[in-house]
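Notes to accompany the following structure.
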Amino acid sequence: MPETKDEKVNQSVKADPNYWRSFEELHRDPKMIEQSHNEFQQSVTDEFDPKKLSSFSRRKFLALLGASAALAGTGCNDYPDRGEIIPYNIKPDEVTPGIANYYASTAACEHGCGILVRTREGRPIKIDGNPDHPVSKGKVCTQAQASILDLYNPERLKNPLKLGGSGLYVEISWENVDKEIIQILNSRGSREVAVVSGRIVSPTAKKLFDEFAQKYNAKIYPYELFNESLRNRAWQKSYGGGLYPQIKWDEAKIIVNLESDFLGSEGNRIENARLFAQGRDVNNINNFNRLYVIEGNMSLTGLNADYRLRLRPDAQHEFASALLKAVNGSMSELNSFSKKFDLSEAALRSLVKDLKQNSGKAIVYAGSTLSEEVHFTVNAINEALGSTSLYNRQAVELYPLISSGDLVSLINSMNSGRVAAVIHFDSNPVYHFPKDLGYESALKKVTAVISMTETNNESAALSNYILPINHPLESWGDNKTRAGFISSQQPVIAPLFNTRQKEAILLNWVNGDAKKYNDKIYHEYLMNNWQSSVFTPVSADSNFKQFWSNALHDGVVITNESSSSSLSFNSSGETSPKLVDLNSFVVALKPAYSTVDGRYADNGWLQELPHPVSKITWDNYAAISRLTADELGVKNNDVIDIKAGGESFSIPVFIQPGSADRTITIELGYGREKSGVVGSGVGFNAIVLMSGQSGTSPWIFKASVSKGTGSYELVTAQEHHVFDDERTKDAAQKRGIIREGTVEEYKKHPHFLHKEGHELFSIYGSQTNMEYTGLKWGMAIDLNKCLGCGDCVIACNSENNIPVVGKDQVAKGREMHWLRIDRYYSGSENEPKASTQPMLCQHCDHAPCENVCPVVATTHSPDGLNQMVYNRCVGTRYCSNNCPYKVRRFNFFNFRDHFKDGYQEANVFNLIYNPEVTVRSRGVMEKCSFCIQRIMEAREDAIEHNRTIVGSDVKTACQESCPTSAIKFGDVNDKESEFAKFRNHQLGYYVLEELNVRPNVTYIAKLRNTHSEEA
Amino acid sequence: MNIDYTIEAPVVEGRLTLGDIERLVAAPMESKPDKKFYIALSISGTFLLIGAVLLAMSFYKGVGLWGNNQPVGWGFPIVNFVFWVGIGHAGTLISAILFLLRQKWRTGIARFAEAMTIFAVMCAGVFPIIHTGRPWLAGYLMPYPNQHGLWVNFTSPLVWDVFAVSTYFTVSLVFWYIGLIPDFAVMRDRTTAKIRKTIYSIFSLGWRNSHRNWQHYEKAYMLLAGFATPLVLSVHTIVSFDFAVSIVPGWHTTIFPPYFVAGAIFSGFAMVVTVLIFVRKIFDLEKIITLNHLEKMTKVILATGLMVGYAYGMEFFIAWYSGVQVEQFVFINRAFGPYAWAYWIMVSCNVIIPQLFWIKKIRRSIPAMLVIVILVNVGMWFERFVITVTSLHRDFLPSSWGYYTPTIYDIGILLGSFGLFFTLVILFTKALPVVSISEIKAVAEGAQPNHGGAH
């Protein structure tokens, strides 16, 4: 072993000197000997001083190491729960954490359906229908369901505002603003105070208005953009008074519908849909009704028609007159009419035949936008058919809407300085009034403009005072729309912001003392009014407090009112129709399915709800026929210019199959300029085309139309396919996605749907399948009853915390709806047959999504549910690719953050989420869960009460909201249940059955009630 | 040009001495990088940087920045993944399969092709991770024991992918490194710079050119070649399972495994030719990577191109023969639907244009070859695009049909992957011998004892 010179080794010098390790050792260097006595080197031993060492003990060091690791672990992660959870100090009696409370109230619209508000720990999270309500019977429309989103709108006004000298609004206290306004009202002199409101449906509010009017010499102007005035005028002309009644759709066998969208946007569509669908019951096949629709544009009602004829709306008078003559025996006029408008003569012949054969059970119904003359003629036809027994005369009008004449005189007084103050009572006349009236400029001549509103709007922006008001869920009230009952409205949450109920503000002014306001004034006023006007007539032996609590609990009080006397028809008003020039263009305006007249423009759920017919979201458009498009030289998304009454208007076109030629249909309620970030600048405001002093109908008028410049992208949730392309035509029928038959066919061969049914061939022989012996969830959707309205979609959004993604993301095909309504056309572009189909996760037994997920993030439960494990999902999207139904939805972004710069991440939005449903992060796949949170709740309840859970214990959100009860849910293995009837129905089929994925959603094939010879 | 194919052409042209070979191959590593090198590096580096920035933005904001949607859940990232894995096929094929088949001509191109394999698989490997919605959870795809009792889903082809690609990468890397050991030793012996010497010394693992060294080396190389050979076939087979195992019409096809392997070799060879054309010119290696080499590769391209063309036709036939409406629609829609442009780019680049290689003149013309192989690369990228996107965009339910449009982020990240690839290639040319010195010496004229061609 070689040795180096500098190697120092401690070796006893006494060791055998023959073995040396270094020269020093060999030569016995004294230094070396000296060193060898010291075991440790100098520096090691001499200087040792424990005090000089670090003061860390080993124990302390380990403690600090542990603490810093813990700090790094907790401090550096993005732990989501940053808030505090504080238990109730004293628990309110009615609140049990984790258990929802339900409160009955009334929807704040002119139809006043009963609602049931689900609240969790004091915050409303969902609006359902109140089953005790005699009209809506537990169902509510999309708008009522979505209105909960408005409660939590972060852009709600939070304090009263006053227009300052610099043109900017400054915050002002309620007391001061009340003082100033009372001062203004008192100093009006001989001038008028005008209150512009919506339709008044609250008896107590009416009383308040009367008091206010009396005190301040005020005049009330209730106005609605869409109303029944023409229909009612014709009724009064026909029968000398009263209001147009409700129709008993359930008793009608033949329904002939002229340009009316009674299933989609006209009247109380929830009630209409329920009654109509009663005549579409496959288990009562002999009671099927037949729907004829004669309309200019494909409406939701038109989608559901057995026979649909396209006719421009200004020709309806001509048609109605010919029909009246035909019903009375002379077909010649109807024949020549059918030639002029190229309508199917066979369909018209069977229409007349049906009407005559079913007299007393047939109803002709005209749309509310049609002229008074059409309605008069239609009344005459119904009179001739003996259909007056189908009238349900319960309509009540507390306060008539103003006529256009009243409006003109109001504006004249405003212009001539005879109006001291205009109060916008939760109304938006600057947006809604026809522009040619000049309301906007007249407002400048008014001393004080006061707007009561929840959010900013066009009218508020021109006001001197903006008073923020409570959301209906924060308000007291009552509602009377029909004879026979009155419904109550109660707050379900204290006002979130410094707002007041609009009636309370008015009441405070009536009281005349700003300081006297307290939160209860309108509550007490309402109770007093009920005590004097509602309580006494109903019952005498209970006390009022008891009665009042019961009324609030039920949400509705039944009153005894007798309906009106018999009808006597006065036929002298019949006029002969003006003949239509086929070369002219006609514009038809109708309310939007989602935003109605624009009041819901700021509601993201509604804006994103696909149009039930065109599936377009976030926009309105001019619907035209293919022929008209060719004539104008435009294609989809091209802009056209419309000129009517001196106004010019540009809007993109959409070629809507089934449109009448030279008819341009536009939905109003879009093009809001001063709404919130969601609603501003969405779509085009076609109200500019309306005229305040119009002819026969303000909504239907002639116009000149030409091709405009440029184009504008309309986005749709469903791709449109060319009709004349053989490869895409009727694809849904060819693939067995849509399977249909006729009533006749079903009566003759009840098994017609499965007659060619053969066993599916499998190369795997007889597979041993997973057996579901216990409870297994399944769904059945009756396509005879499904109208395609989209109520279920909004219900699902609300229940399952589904984010709004915005127009740009819908354009990319990234909408997040767990449930969608597919709409398919078949046949020709001019006379399409339409089919709708709600599509959601089918919870397949052999789910193709499950076997391809690399991380087992989607699995199957023993009760037959296809589950999503969000925490485990890494987002490969393979499951979505492999899903034949394409019902899986991927969070491409954190959409709450992405949509409008984090609009949905505002603090107040945290209150709306259903705490039982996870809010999903970005990068995660999601889909319909069959409302598993409801299943779990029902299961817990069953365990608690020591019973077995049964299928009918659970109602999914979509099922609960469906106005026609088309959706059934239950236990597949429970052969005795009501659900089993649908699950195993002869008309039941599965979509894409041949893939052998074994879906668990049964679709009941749609039957069209056409005459057998044309089937 | 008259070539007599009956006589085996010399693998190395120009009667280079062993010393010449060594000098020629080692030259790029022993000279300072010139201006051209820096220009090339800055161009590829720029692309890499663009890709990296756009990728970082995608991480920050979400994969929504890309064009993916419902129904097209997989877009550019998966297309790129399959494309790069395909590119990565030529290397191992050349180095392992041709080695086992005793194809001497492989020696000139094997090293480079193998390096490209590794770089291409690196490019490919990026995509499956970044394409997920939550890339930070990519570890979930690995089966590791944990207290939650969570396990991966072995029925999912994506899990097979993880294993197939990582195994392929590991084996390719080891195989490549084993082949490099003698060359590291050569470089170690040639170099005088201290740092370089240290590095080469470490990587040469004490190689001393002894007989025992060579014996072990040859055995190990042979074993690894045998081990790598099935992987060439398996990795793209498994990648094809990503599609074939699904039920999507247009994906659910039994022809996919052989079709994908043939396509991969096709595109891999095209990429190798593309790069070699430049490398042999720039580094003066025309005598080692000869025109004969390139010609042989064009023949492989022609053969595999025909296989791919056959697969295209067979898909249509089976769709028609199956009688399944959806299946038939998907294929007709490919050729005549909204993505017909992509389909016809694919068919013309992959099937029609390579037919020119039947002509000898074109096989031996560098410019013509270059144009064709670049078009093949384009065509093969589009093949993956057509398979992935056109099958998804119109599947079973017409209601959920859609259209996929890539965004600037998709395109930028694709460019970024090319940037990564070429940056690695450029650095490789300066850091390691691009041709196997020891193998070339073995096939140089006079290197082996012979009987003067008289058998």
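From first to last, the protein sequence lines are chains E and S.
For the first sequence, my numbering gives the first residue as 1, with consecutive numbering after it.
For the second sequence, my numbering gives the first residue as 10001, with consecutive numbering after it.
Each residue gets a CB set at the ideal place from its N, CA and C atoms; glycine is no exception.
All values reported here derive from a predicted model rather than from experimental measurement.
- Counting every other CB atom within 10 Å of its CB across the protein chains shown gives residue 936 (chain E) a total below 16, marking it as exposed.
- Sequence-ordered contacts of the segment 899-913 of chain E with chain S are nonexistent [C-beta pairs closer than 8 Å].
- Here the alpha carbons of residue 566 (chain E) and residue 470 (chain E) stand approximately 43 Å from one another.
- Residue range 832-839 is occupied by the beta strand (DSSP E) that includes residue 836 (chain E).
- At least one CB atom of chain S sits nearer than 8 Å to the CB of residue 881 (chain E).
- Contact between residue 341 (chain E) and residue 311 (chain E) holds, with the beta-carbon distance rounding to 6 Å and staying under 8 Å.
- Put simply, the CB of residue 10107 (chain S) is far from chain E, with every gap to its CB atoms at 8 Å or more.
- Under the Cβ criterion (8 Å, minimum of three pairs), the segment 10022-10033 of chain S counts as touching the segment 10181-10196 of chain S.
- Taking CB atoms only, residue 718 (chain E) has a neighbour in chain S less than 8 Å away.
- For the 8 Å CB-CB criterion, residue 10091 (chain S) and residue 10117 (chain S) form a contact.
- Residue-level contact check: residue 10071 (chain S) touches chain E, since one or more beta carbons of chain E fall below 8 Å from its beta carbon.
- One Cα belongs to residue 10168 (chain S), the other to residue 10176 (chain S), and the distance between them is close to 12 Å.
- Apart from sequence neighbours up to five positions away, the residues of its chain that approach residue 10373 (chain S) with a beta-carbon distance below 6 Å are 10270, 10273, 10274, ordered along the chain.
- Bridge pairing for residue 246 (chain E): E:392 [DSSP].
- With 16 or more other Cβ atoms inside 10 Å of its own Cβ, residue 10296 (chain S) counts as buried.
- Residue 10192 (chain S) and residue 10032 (chain S) have their C-alpha atoms roughly 14 Å apart.
- With a minimum length of 4 residues, the unbroken runs of alpha helix (DSSP H) contained wholly in the segment 10329-10368 of chain S fall at 10340-10347, 10360-10363.
- With contacts defined as CB atoms closer than 8 Å, residue 372 (chain E) and residue 233 (chain E) qualify as a contacting pair.
- Among the bridge pairs identified by DSSP, residue 126 (chain E) is matched with E:118.
- Distance check between residue 594 (chain E) and each of E:277, E:626, E:143, E:784 places E:143 closest, using alpha-carbon atoms only.
- In this structure residue 359 (chain E) is exposed. Its beta-carbon is surrounded by fewer than 16 other beta-carbon atoms within 10 angstroms.
- Going by C-alpha positions, residue 10155 (chain S) is about 10 Å away from residue 10245 (chain S).
- Against residue 452 (chain E), chain S offers no close residue; the least beta-carbon distance is about 40 Å (beta-carbon pairs closer than 8 Å).
- With a 10 Å radius around the Cβ and a threshold of 16 neighbouring Cβ atoms, residue 263 (chain E) comes out buried.
- Listed along the chain, the chain E residues whose CB falls inside 8 Å of the CB of residue 10326 (chain S) are 735.
- Within chain E, the C-beta atoms nearer than 8 Å to that of residue 10062 (chain S) come from 891, 892, 893, 894, 898, 922, 923, in chain order.
- Cα atoms of residue 578 (chain E) and residue 318 (chain E): separation of roughly 7 Å, rounded to the nearest angstrom.
- Neighbours of residue 839 (chain E) in chain S, taken as residues whose beta carbon is under 9 Å from its own, are 10397, 10399, 10400 in chain order.
- Here the C-alpha atom of residue 10408 (chain S) lies approximately 8 Å from the C-alpha atom of residue 10066 (chain S).
- With a 10 Å radius around the Cβ and a threshold of 16 neighbouring Cβ atoms, residue 886 (chain E) comes out buried.
- One Cα belongs to residue 323 (chain E), the other to residue 637 (chain E), and the distance between them is close to 37 Å.
- Three or more Cβ pairs drawn from the segment 10066-10082 of chain S and the segment 10120-10127 of chain S lie within less than 8 Å of each other, which places the two stretches in contact.
- Counted as a single uninterrupted DSSP element, the beta strand (DSSP E) harbouring residue 821 (chain E) occupies residues 820-827.
- The contact set of residue 851 (chain E) on chain S, defined by CB atoms closer than 7 Å, consists of 10155, 10156 in chain order.
- Rounded to the nearest angstrom, the gap between the Cα atoms of residue 93 (chain E) and residue 493 (chain E) is 16 Å.
- The Cβ of residue 822 (chain E) sits closer than 8 Å to at least one Cβ of chain S.
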